[in-house]
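Report on the structure given below.
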Amino acid sequence: MKLFLITLLTAFLSSTTNSCSNNGKPTTVNKDTVAEPIQTERKDGLKNAYFASGCFWCVEGIYESVKGVEEVISGYAGGHVKNPTYRQVSYGKTGHAETVEVQYDPNIISFKELVTVYYASQDPTTFGQKPDFGSAYRSVVFYQNAQEKEIIEFTKNEIQKELANKKVVTEVLPFQKFWPAEAYHQDFEKRNPTYPYIVRISIPRLNRFKAKHPELLKP
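Every letter in the sequence shown is one number past the one before it in the numbering used here, and letter 168, counting from 1, is 913.
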């Protein structure tokens with residue numbers, strides 16, 4: 746869990762703590778009637794996909810290493826609070842999870858392959874990713890249409906078969922709205938390669954994924 750509170754960017758970047766999360770305790774997310782998914786539209790030939798898997802610093806770095814991915818934005822999704830702040834989300838009271846928006850070229854990489862990246866870069870049986878746990882860091886894959894939902898659920902079921910003694914806790918939710926995170930979170934791993942959390946958590950997680958799927962990496 747996070748060992749610091751972000752009040753000023755200067756204080757944040759100078760901190761010597763080693764975690765991405767706050768001291769908020771896990772909370773139960775209110776799951777009302779499932780809404781219809783919202784399909785994002787683009788005019789540049791790219792598509793968007795949305796994934797939550799622990800600290801978004803880590804997930805952003807992973808997807809930015811993948812072929813066909815043009816841009817990755819860190820933000821928040823899956824909750825009920827409009828215009829959430831990092832501090833609000835990390836306390837686990839908004840229903841949002843730290844999420845990334847993956848902007849990708851479907852002619853180079855498919856949504857199915859992006860889902861493969863998702864499961865290959867985390868432990869889908871935990872309510873968060875070590876050392877960040879709680880509702881703000883839970884695993885969620887968002888779908889925008891029936892085809893994406895089918896791909897996600899099929900992959901989830903296949904993973905479950907492989908992990909017969911553990912339960913896959915990844916949520917499959919209809920996409921509604923993505924809220925970009927504060928500017929200092931964007932490209933955090935790239936801009937702060939010596940930050941303790943990046944060195945001890947993000948980079949090892951990225952390298953583990955690269956070792957599993959070198960065929961999905963950018964040249």
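Idealized CB from N, CA, C, for every residue including glycine.
Continuous beta strand (DSSP E) stretch holding residue i: start and end
i    : result
Q905 : Premise fails: Q905 lies in the alpha helix (DSSP H), A891 to E907, not in any beta strand (DSSP E).
I971 : Nothing about residue 971 can be read from this structure; the chain reaches only from 746 to 964.
Contact under 8 Å by Cβ, residue i with residue j
i    : j    : result
P919 : V779 : yes
R883 : F899 : no
F796 : Y849 : no
S819 : Q931 : yes
L962 : K792 : no
A794 : E843 : no
E916 : V944 : no
V860 : F801 : no
V817 : Y808 : yes
Residue i (DSSP reduced to helix, strand or coil)
i    : result
V862 : helix
V917 : strand
Q833 : helix
V826 : coil
S884 : strand
I751 : Residue confidence for I751 is low, a pLDDT of 39 falling below 50, so the modelled location carries little weight; the figure read from the coordinates is stated next. Looking at I751 - three-state DSSP - the assignment turns out to be coil, as it is neither helix nor strand.
N952 : helix
P782 : coil
K912 : coil
K838 : coil
Identified DSSP bridge partners for residue i
i    : result
K792 : Y849
P925 : G820
T844 : A797 and G820
F970 : Outside the displayed range of the chain (746 to 964) lies residue 970, so it cannot be described from this structure.
L961 : Note: L961 sits in no beta bridge, so no partner.
Buried versus exposed, by CB contacts within 10 Å (16 or more), residue i
i    : result
F954 : buried
H841 : buried
P784 : A small correction: the amino acid at residue 784 is Gln; Pro does not occupy that position in the sequence shown. It is exposed - the Cβ of Q784 has fewer than 16 other Cβ atoms within 10 Å.
L951 : buried
V914 : exposed
P925 : exposed
L908 : exposed
A822 : buried
T773 : With a pLDDT of only 42 at T773, under 50, the local geometry of the prediction cannot be trusted, and no value is derived from it.
T939 : exposed
I946 : buried
E805 : buried
G790 : exposed
Bounding residues of the alpha helix (DSSP H) (the contiguous stretch that carries residue i)
i    : result
I818 : It is not in any alpha helix (DSSP H) - I818 instead sits in the beta strand (DSSP E) that spans V814 to A822.
F933 : F933 to R936
F801 : F801 to E809
Contact test: residue i Cβ vs the ligand ZN heavy atom, cutoff 7 Å
i    : result
V885 : What this structure holds is no ligand at all, so the ligand ZN is not there to describe.
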